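J.: One structure is given below, represented as structure tokens, and several questions about it will come after.
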Amino acid sequence: MGKALGIDYGLKKTGLSISDNEHKIAFSLSTVRTNDLNKYLDDLIKKEKIDLFVVGYPINLDGKITDLTNHVNGFIKRLTTNFPNIPVNKFDERFTSKIARQTIVSSGINKKNRRKKELVDKVSATIILQDYLSK
């Protein structure tokens, strides 16, 4: 078994997380500029045995799509085209940013570093992947 890759897709930056080989534990990986994401994924897949993508899927509390949903759908289409042998699962990402911010605050990280959006993106990707793996 390989590793799962958690993805919190954003228009400017994308948070990434990775699992262990048994798909039990998610670890923060990186935050990448979305413009550089395809190259980053190409390189990562050459280094790591990725066998699953878990993409955070943005929907409103009422279950309707958001402005970002169409962008995520386009990204998922590119993933399935570029990596046809790796399945892609969408996972409801409601509240992940809020939970990520709370996690960061409770971890004791100083205020200056807590404000960095890259950290929230990376932690959000980890929450998305861990929630998926725990189901």
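First residue of the sequence shown: 1225, per this note's numbering; consecutive thereafter.
From the three backbone atoms N, C-alpha and C, an ideal C-beta is built for every residue, glycine too.
Keep in mind it's a predicted model, so treat the numbers as computed, not measured.
For the putative contact between Ala1349 and Gly1234, defined by C-beta atoms under 8 Å, what is the C-beta separation to the nearest angstrom?
T.: Their Cβ separation, rounded to whole angstroms, is 10 Å, which puts Ala1349 and Gly1234 out of contact at 8 Å.
J.: Considering only residues of the same chain and omitting the five flanking positions on each side of Val1312, which have a CB-CB separation below 7 Å?
T.: Here the set comprises Phe1277, Val1279, Ile1300, Leu1303, Thr1304.
J.: Using C-beta distances below 7 Å, list every residue in its chain close to Ser1243, excluding the 5 sequence neighbours before and after it, in chain order.
T.: Only Lys1227, Ala1228, Ile1249, Ala1250, Leu1353, Leu1357 meet the Cβ criterion.
J.: Quick one, are the C-beta atoms of Thr1290 and Asn1297 less than 8 Å apart?
T.: No, they are not a contact pair.
J.: According to DSSP, is Thr1290 helix, strand or coil?
T.: If DSSP states are grouped into helix, strand and coil, Thr1290 belongs with coil.
J.: Output the boundary residues of the beta strand (DSSP E) element that contains Leu1253.
T.: Start and end: 1250 to 1257.
J.: Could you check the C-alpha separation between Ile1269 and Asp1286 for me, to the nearest Å?
T.: Cα to Cα, Ile1269 sits roughly 36 Å from Asp1286.
J.: Would DSSP call Phe1307 helix, strand or coil?
T.: Here Phe1307 sits in coil by DSSP.
J.: Check whether the Cβ atoms of Asp1345 and Asp1232 sit closer than 8 Å, and answer yes or no.
T.: The answer is yes: Cβ separation under 8 Å.
J.: Determine, using beta carbons only, whether Thr1258 and Lys1236 come nearer to each other than 8 Å.
T.: Cβ distance < 8 Å, so Thr1258 and Lys1236 count as in contact.
J.: For Met1225, which option in Asp1316, Arg1318, Ile1274 has the closest C-alpha, if you only look at C-alpha atoms?
T.: Of Asp1316, Arg1318, Ile1274, the residue nearest in Cα terms is Ile1274.
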